[in-house]
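K.L.:
Residue numbers (the numbering used here): 13 to 257.
We put the CB at the ideal spot given by N, CA and C, even for glycine.
Handing you this structure, nothing more for now.
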């Protein structure tokens, strides 16, 4: 289905050999960006996240991961170029997880976040969110519920902004609760939001440009699955009865 969105979520923790295989498919600019990160764990997470995006997009279009090229847009949103320009991708990573979203029909945005530990989100919501959303966050029964409410709203805003290709700051006050179709103000555009089921305390959302509904194909994944040498991973995530390498 043309408007279907595929979303994969995978852990970034992996053996050094698997991390190295992810790093090997990155282009020189990505390798340089990753190398500038001061902590080894952050460097490995960057390699797994961007390597996973390349491998998933490449297998979707039948290309090699190294061949794909992205060009940043006006506000930094990466867009595939060349013969793959019609494929829309989005990437997010937080804590120990990575989320990759791919759409063949409409611009897509995905965001994944782990609630920050020990931080009261009520003042942040009051400062940046729509007043109704700030009251929604403050109405949580306890600190954990308030953090979960804040994080759910945050990922919905981030996903919509990523799909629109705009900037987050001007859109923080745009209400995304409880409606699933919202209008960004920068860049002005309609976006349809969908919450994603995620493990533990994580919250995630995906957005597609436009009002029309769309199906979401959600695939938990491991890096070992992704690195299957026989390229069976994509088929197996769609059909759990398929081959496992």
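#1: How would you write the range of the alpha helix (DSSP H) that residue 15 sits in, first residue to last?
#2: Under 8 Å, with one C-beta from each stretch per pair, do the region 224 to 243 and the region 189 to 207 reach the 3-pair mark?
#3: Cα separation between residue 242 and residue 74?
#4: Taking only heavy atoms of the ligand GDP into account, decide whether any of them is closer than 6 Å to the Cβ of residue 192.
#5: Would you tell me roughly how many angstroms separate the C-alpha atoms of residue 70 and residue 25, rounded to the nearest one?
#6: Pick from 133, 108, 159 and 174: whose alpha carbon is nearest that of residue 102?
#7: So within the region 38 to 99, which uninterrupted alpha helix (DSSP H) runs reach at least 4 residues, ignoring any that extend past its ends?
#8: Starting from residue 201 and walking both ways along the beta strand (DSSP E), at which residues does that stretch end?
#9: Beta strand (DSSP E) containing residue 225: first to last residue?
#10: Can you find the residues in the same chain that come closer than 6 Å, C-beta to C-beta, to residue 168, ignoring five residues on each side of it along the sequence?
#11: So which of 92, 118, 108 and 141 has the shortest CA-CA distance to residue 125?
#12: So residue 34 is in the alpha helix (DSSP H); what residue range does that whole segment cover?
#13: Answer yes if the region 44 to 64 comes into contact with the region 144 to 158, meaning at least three C-beta pairs across the two stretches below 8 Å, and no otherwise.
P.N.:
Taking the definition as stated:
#1: No alpha helix (DSSP H) holds residue 15; DSSP gives it neither H nor E.
#2: yes
#3: Residue placement at residue 242 is flagged as unreliable, the pLDDT there being 45, under the threshold of 50; a coordinate-derived value is accordingly withheld.
#4: You won't find the ligand GDP in this model; it holds no ligand whatsoever.
#5: 22 Å
#6: 174
#7: 40 to 47 and 52 to 73
#8: It spans 200 to 208 - the beta strand (DSSP E) in which residue 201 sits, taken as one unbroken run.
#9: Counting along the chain, residue 225 falls outside any beta strand (DSSP E), and DSSP gives it neither H nor E.
#10: 188, 205 and 217
#11: 108
#12: 28 to 36
#13: no
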